[in-house]
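> Residue numbers (my numbering): 22 to 140.
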């Protein structure tokens, strides 16, 4: 596979149609799903004493972020809730808070030991 064709395929894959899904309607309400789409392509080539070089690569990642909800002339954004991200974020906050509290506790204990030794 040629590097130029991989990059061309990446450009074609990263279009607005990937970000906004096909709208669908039910009971007078139209929903347009939206996603974050990231991607890229790589390549390579070259000649070496042993023979020809080569290489290509392509990656694409997408995750839902929400949907536009249309009712008549009114519209509303409904964000998608990523529970995994929320749990991971809470775990990180807890770990940082625990490390900070532990560090403060050690510093206070050390200060008390110095004060007791000075007395």
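For glycine and all other residues, C-beta sits at the position ideal for the given N, C-alpha and C. All values reported here derive from a predicted model rather than from experimental measurement.
Given this structure, state the Cα-to-Cα distance separating residue 104 from residue 111, to the nearest angstrom.
Each residue's Cα considered, the two are about 11 Å apart.
> Using only CA atoms, which one of 122, 29 and 139 lies nearest to residue 62?
The shortest Cα separation from residue 62 among 122, 29 and 139 belongs to 29.
> Should residue 88 be labelled buried (16 or more other beta-carbon atoms within 10 Å of its own) or exposed?
Looking at its Cβ environment, which holds 16 or more other Cβ atoms inside 10 Å, residue 88 is buried.
> Using 8 Å as the cut-off, can you tell me whether the stretch 70–87 makes contact with the stretch 49–58, which would need three or more C-beta pairs spanning the two stretches below that distance?
Contact between the stretch 70–87 and the stretch 49–58 is present, because at least three Cβ pairs lie under 8 Å.
> Please state if the CB of residue 74 and the CB of residue 67 are separated by a distance shorter than 8 Å.
Closer than 8 Å, so yes.
> DSSP on residue 97, reduced to helix/strand/coil?
In this structure, residue 97 counts as strand in the three-state DSSP scheme.
> Looking at residue 76 and residue 64, is the spacing between their C-beta atoms short of 8 Å?
Contact flag set, yes.
> For residue 50, I'd like the list of residues in its chain whose CB is within less than 8 Å of its CB, leaving aside the five on either flank, ordered along the chain.
So the list reads 90, 91 and 92, once near-sequence residues are dropped.
> Taking the alpha-carbon positions, what's the residue 44 to residue 25 distance?
Those two C-alpha atoms are separated by around 33 Å.
> From the DSSP secondary-structure annotation, give me the bridge partner or partners of residue 81.
Answer is 60, bridged to residue 81.
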